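Under mature numbering (1 follows the signal peptide of the UniProt record, and there is no 0), residues -27 to -1, 1 to 63 are what the sequence shown spells out, in order. For each residue, glycine too, the CB sits at the ideal point set by N, CA and C. All values reported here derive from a predicted model rather than from experimental measurement.
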Amino acid sequence: MKPLKALGAVGAASAALLTGCAAPGTASDQPASEPMAGMANPASVWCVKHYHGMLEIKKDKDGGEYAICHLPDGRSIEEWELFRADHPQK
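Here it is in structure tokens:
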């Protein structure tokens, strides 16, 4: 292969790779507020691992789900309320 043709082939391949990296619909295009599949809810993990709580999934009037953390001492608290109490904003 002549050097000029080889350089053109390398350039075309590089352009194709860069275009593929910037394709729409990648995970980085998703808003940060949407949970990613396979990732644990940090508030749920906090309830179970740090408080040894039991989770109860409930639905609000609009059909949205939330969880109640039932603590070993008998108290019940919404999981995110518990998480935020232990992780105050700076």
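Which one of the options has the shortest CA to CA distance from residue i?
i	options	result
P45	G37, K34, R57 and L28	L28
E51	H25, S17 and G11	S17
S49	Q62, G11 and V21	V21
C14	D35, D33, K34 and Y39	In the sequence under discussion, the amino acid at residue 14 is Asn, which differs from the Cys named in the question. Comparing Cα positions, the closest option is Y39.
For residue i and residue j, I'd like the C-alpha separation in whole angstroms.
i	j	result
K31	W19	18 Å
H43	G26	5 Å
T(-2)	A10	Because T(-2) carries a pLDDT of 49, less than 50, the predicted location of this residue cannot be relied on, and the following value inherits that uncertainty. Rounded to whole angstroms, T(-2) to A10 spans 14 Å at the Cα level.
D33	R57	20 Å
L55	D35	23 Å
H60	W53	10 Å
K63	G37	29 Å
Looking at the secondary structure, which residues open and close the alpha helix (DSSP H) in which residue i lies?
i	result
G55	Per the sequence presented here, residue 55 reads as Leu, with Gly not at that position. First-last of the alpha helix (DSSP H) with L55: E52 to D59.
For residue i, report the span of its beta strand (DSSP E) as first-last.
i	result
A13	Element bounds for A13: n/a, residue is neither H nor E.
K32	M27 to K32
Helix, strand or coil for residue i? Go by DSSP, reduced to three states.
i	result
H43	strand
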